[in-house]
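Visitor: The structure's right below; bear with me while I get my questions together.
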Amino acid sequence: MPVFLRKCAAVCMAAVLSLVTVGCLDWEEDIPLEEQGNASDTYTLMLYMCASDLESECGFATEDLNEIMYGYTAGNLNVIVQTGGTAEWQNTVVADDRCQRYQVTEDGLELVDDSLGMQNMADSATLTDFIQYCSSNYAADHYGLVLWDHGGGVVGGYGYDENFGGDSMSLTEMSRALGDASVHLDMLGFDACLMANFETCLMAAPYADYLIASEEPEPGCGWYYTDWIGKLSENCGIPPKRYGRQIIDDYITESGWDSPSMYSTLGMFDLQQVTQKLLPALSQFSDDAVQQLSAGEYRRISQSRSNTRAVYQSELDHIDLLDYAQHSQSETADQLEQAVSDCVVYYRETENGSGDNGLSILFPYYDLSALDMLEEMYQTLGYDDAYPAFLEQFANVMAGGQISVSGFSNTQNHAAASEYSGFQWFDADAGYDESYYETYSADLSLLETTEVDGRCVLELSEEDWEIVNDAAMQMFAVYDGFYVDMGLDDYCEFDDYGNLIVEYDQTWVALDGQVVPFFHESYTSDGDSFFTCGSVPCVYNGIDAEIVLVWDTEHPSGYAAGVRPVYTDSVAAKGLYDICDGDTFQVYYDIYDEDLNYVETMTLDDEIFTVQDSLEVGYADAAEQLGDTFIYYVLEDIYNNTYYTDSIAYLKE
């Protein structure tokens, strides 16, 4: 993979490094004197660096260690680093075969503990021991902890230890680690993807005053450490809100420089406000939602969930919490909106932002199995379970709606009743009989197309369209008796009568003029601007990956934003790799038999792309390149069932 660094990662780590002052915030501006803190205070900053493939492949951990040393000056600040989690360090100082502890000094990194051996950085006991070591040997007035690595949100947790099979640490395991350490933190930071969520805030609330994290994936460069480390070196009594703002401002600026095509976010959250205001507001909102479900208002809630901004990929089931409150029609939505706003101390996103508000929440919709984990987490953490109780009731209504159409030939639901019975949340006797579903149901078993004014369309009544949450076009190419999945596009066009037009112009997404499989992921619009993205599955420079394509207001013709490595678990790739001249990739194709049963995924030996300067995104003639093709539309209803229209064949002339 190409390596993109803001500074040379080969800088000798034992050298005396000077302070870099790029983009410094004026700390004195609009800050009352009493908020400057006591300059004689001491601060111990703990950096838990599970370096993973971010270091072995790209050297990002080495880069950040250099940034810290550039910023550090001798004073009352202790910066203690635990290293591990990677197969190979891209420097000559840190050991590959064991975990180590270092103290940052003006002369570089000083090894202070080389007795650890190889430890699993995703083990809660390892984190606990590190925190206790720091508090015992570097006692201070203030403590901060930064967890550095990949992040997978509520389900995936934190970390990806290369030396232990990609193991990660769940939120409940993090809670155990922080609780056992018994050290209260001024600030808990995640230099990792997807950790700015309500559940992480709940986990951290008993142990820290503030949380700093990103709602979306972070670019590979991650946080920029130099300036805020420098400010803490000068005055360890600076309130967390002050250096928290510096962290966020520098991160957004640096992300714009290093990864201009990537959408980045970072926020700071008041954890006392989370437990005192947001949790009660969410509980009240959830109780109200349960009453709506009991009153037969499932459709309204499902559509609110479907219309809410999905964070990262929709299958992750993270949604923007403030956006969800704004889309809901609950009488308690205003209180929830205000509570979310009260928790957000400071938040920024890059200029190509797609409308996040800083804090996400897990709402299992595509993967209902996550609900059991969420309920167990609330029980373990000891919080009010009104929100999981609402989700459980919602999931049971959804399951009932899926089971009721399981016999349709043109539909696919996520599990049969027998499969749902393995989940703790599933209640076969929940009381939602057929009469509950009669109000909002439709016979979508035969989505036959017709011709209207010379066009092939799907006619549905207004009532039927009311239970459809989403629609997208699927395209296949016909090849040697098999069907090749060319992907899914969310393009929909309706005629003057409100009918869905089931046609396409026989063009498809192309890279450098070559038609490729493309899978749409997300779309957002506020009326004045829009943002849509999707991906092309491939082997990129020998690694399983996806080329991320973006269309937005400034780039209506689209562009290749970068390359996203693919992991086998729920960990999100930290950042996009740059697309560089000379890179090579092969596109993955999913192959199906004539009955559309999956056969295999393959690449073509004679189809190797080589990047020349950049990748041009566009549309090309699918008929000319692929020959015979066919399309159909995929409809998703309020119960998360998917239905398929007739297929329309396009034969090459």
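With numbering that gives the first Met the number 0 applied, the sequence shown covers 0 to 652. All C-beta atoms, glycine included, are put in the ideal place defined by N, C-alpha and C.
1. With contact counted as at least three CB pairs below 8 Å, one residue from each stretch, are the segment 170-189 and the segment 71-84 in contact?
2. Quick check: the segment 250-270 against the segment 331-338, are there 3 or more CB pairs under 8 Å?
3. Throw me the rounded Cβ distance for the PHE529 and GLY486 pair, which I believe falls under 8 Å.
4. Considering only the alpha carbon of each residue, which of LEU201, SER440, GLY526, ASP504 lies closest to ASP384?
5. Alpha carbon to alpha carbon, how far is THR72 from VAL111? Give it in angstroms, no decimals.
6. Thinking C-beta only, is VAL514 closer than 7 Å to ALA621?
7. Under DSSP, the alpha helix (DSSP H) around GLY155 begins and ends at which residues?
8. For ASN498, does the three-state DSSP call read helix, strand or coil?
9. Run through DSSP, which three-state label would LEU24 get?
10. Which same chain residues end up closer than 7 Å to TYR618 when comparing Cβ atoms and leaving out the 5 residues on each side of it in sequence?
11. Tell me which residue opens and which closes the beta strand (DSSP E) that ALA471 is part of.
12. Going by DSSP, what residue range makes up the alpha helix (DSSP H) through ILE246?
13. On the criterion of 16 or more Cβ atoms from any shown chain inside 10 Å, does VAL616 qualify as buried, or is it exposed?
14. With which residues is TYR42 paired in a DSSP beta bridge?
15. Should the segment 213-220 be regarded as contacting the segment 118-137, the criterion being three or more beta carbon pairs within less than 8 Å?
16. Excluding the five sequence neighbours on either side, which residues of its own chain have a C-beta within less than 6 Å of the C-beta of SER613, listed in chain order?
17. Let me know the alpha helix (DSSP H) ranges lying completely inside the segment 55-142, each 4 residues or longer, listed in chain order.
18. Is the Cβ-Cβ distance between VAL153 and ASN196 less than 7 Å?
19. Ordered along the chain, which non-local residues of its own chain (more than five positions away) have a Cβ less than 6 Å from that of ILE654?
20. Are GLY400 and TYR638 touching if we call contact CB-CB under 7 Å?
21. Would the beta-carbon of MET186 fall within 7 Å of that of GLY150?
22. Assign SER524 to one of two classes, buried (16 or more other C-beta atoms within 10 Å of its C-beta) or exposed (fewer than that).
23. Below 6 Å CB to CB, which residues in the same chain sit around THR331 once its five sequence neighbours on both sides are set aside?
24. Is it true that the segment 57-73 meets the segment 228-238, where meeting means three or more beta-carbon pairs spaced less than 8 Å apart?
25. Determine the contact status of CYS491 and ALA470, defining contact as a CB-CB distance below 7 Å.
26. Sorted by chain position, which residues of the same chain lie with C-beta nearer than 8 Å to ASP645's C-beta, five sequence neighbours on each side aside?
27. Would you check if the segment 359-369 and the segment 241-254 touch, i.e. whether three or more CB-CB distances between them fall below 8 Å?
28. In whole angstroms, what is the alpha-carbon distance linking GLU599 and GLU593?
29. Would you list, in sequence order, the uninterrupted alpha helix (DSSP H) runs of no fewer than 4 residues that lie entirely inside the segment 305-385?
30. Distance, Cα to Cα, LYS651 vs THR583?
31. Could you tell me whether any Cβ in chain D is nearer than 7 Å to the Cβ of ILE402?
32. For CYS499 and TYR522, I'd like the C-alpha separation in whole angstroms.
33. Could you check whether ASP627 and VAL477 sit closer than 7 Å to each other, using their CB atoms as the reference points?
34. What is the residue span of the alpha helix (DSSP H) that TYR436 lies within?
35. Would you kindly check if the distance between the Cβ of ASP140 and the Cβ of THR274 is under 7 Å?
36. Excluding the 5 residues preceding and the 5 following THR552 in the sequence, name in chain order all residues of the same chain whose CB lies nearer than 7 Å to its CB.
Guide: Short version:
1. Counting C-beta pairs closer than 8 Å gives fewer than three between the segment 170-189 and the segment 71-84, which falls short of the contact rule.
2. Between the segment 250-270 and the segment 331-338 there are fewer than three inter-stretch CB-CB distances shorter than 8 Å, so the stretches are not counted as touching.
3. That pair is no contact at about 20 Å.
4. LEU201
5. 18 Å
6. yes
7. Counting along the chain, GLY155 sits inside the alpha helix (DSSP H) bounded by residues 152-155.
8. coil
9. Confidence is the limiting factor: at LEU24 the pLDDT is only 31, short of 50, which leaves the residue's position unreliable and the question unanswerable from this model.
10. THR506, TRP507, VAL508, ALA509
11. 467-478
12. ILE246: member of the alpha helix (DSSP H) spanning 239-257, first to last residue.
13. So VAL616 ends up on the buried side.
14. LEU76, HIS141
15. no
16. Cβ neighbours of SER613 beyond the five flanking positions: none.
17. Within the segment 55-142, the complete alpha helix (DSSP H) runs of at least 4 residues fall at 59-70, 123-136.
18. yes
19. There is simply no residue 654 to check, as the chain begins at 0 and stops at 652 in what is shown.
20. Against a cut-off of 7 Å, the Cβ pair of TYR638 and GLY400 comes out as a contact.
21. no
22. exposed
23. Same-chain partners within the cutoff: GLN283, PHE284, ASP287.
24. yes
25. yes
26. LEU446, GLU447, THR448, VAL501, TYR631
27. no
28. When only Cα atoms are considered, GLU599 and GLU593 end up about 13 Å apart.
29. 320-326, 332-342, 369-380
30. 30 Å
31. Among the chains of the structure shown, chain D does not appear; only one protein chain is present.
32. Before going on, a small fix: residue 499 reads as Leu here, not Cys. Distance between the alpha carbons of LEU499 and TYR522: 19 Å.
33. yes
34. 433-437
35. no
36. SER528, PHE529
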